[in-house]
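If you use UniProt numbering, the sequence shown corresponds to residues 1 to 156, in order.
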Amino acid sequence: MAESYFSDRFEMITKLCRSLPEEGPKISGGKPRYSIGDTVNLNCTSGSSNPPTELDWFINGEKADSAFLRGPHTIFIGDEDLQKTILGLQFRVSAKHFRDGNMKLKCLASISTIYWKTNEESVKGDKPLIKVMSSQDTFLSNKSRADRVQGHTSHW
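Here is the structure:
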């Protein structure tokens, strides 16, 4: 009996979904590298479908803060009642957005439980260069005035 219920439910959902996207979501607007303080401004666009595709953004595997999202916006395509969904992602990059110098930005497109596709971009972070001096660097490059005076002292 449970098997019949799930089979009937799947058939109903399939009929409601008149047209599934032929392609996965597309990410646009990104850069190959980001630095702390840069603004990420991306769009995720679904393939054409009916009903419309739901989109979600993830940053390093965690769902993006809703304050970072722009949209969703729906565009109607042709006479077949097909729709594309666009969801923007915009945020200022901070150190917490990098894991081992990389940031992964993923868009998930879904329709109910029958369609799930993702697209992921991995971007590198530009880290600010901070010179860390070792004790040897300090000794060789920063002789004090007293060291130079001692080196030139003459004896009577």
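All C-beta atoms, glycine included, are put in the ideal place defined by N, C-alpha and C.
Annotation note: the region 20 to 45 contains the following uninterrupted beta strand (DSSP E) runs of length 3 or greater, listed N- to C-terminal: 26 to 28, 33 to 35, 39 to 45.
One thing to note: H73 has its Cβ within 8 Å of the Cβ of I86. Counting along the chain, no beta strand (DSSP E) covers N50, and no H or E run does either. DSSP lists L108 as the bridge partner or partners of D56. When DSSP states are grouped into helix, strand and coil, S122 belongs to the strand group. For G30, the closest alpha carbon among the candidates L89, D56, F68 is that of L89. No Cβ-Cβ contact shorter than 8 Å links K96 with R33.
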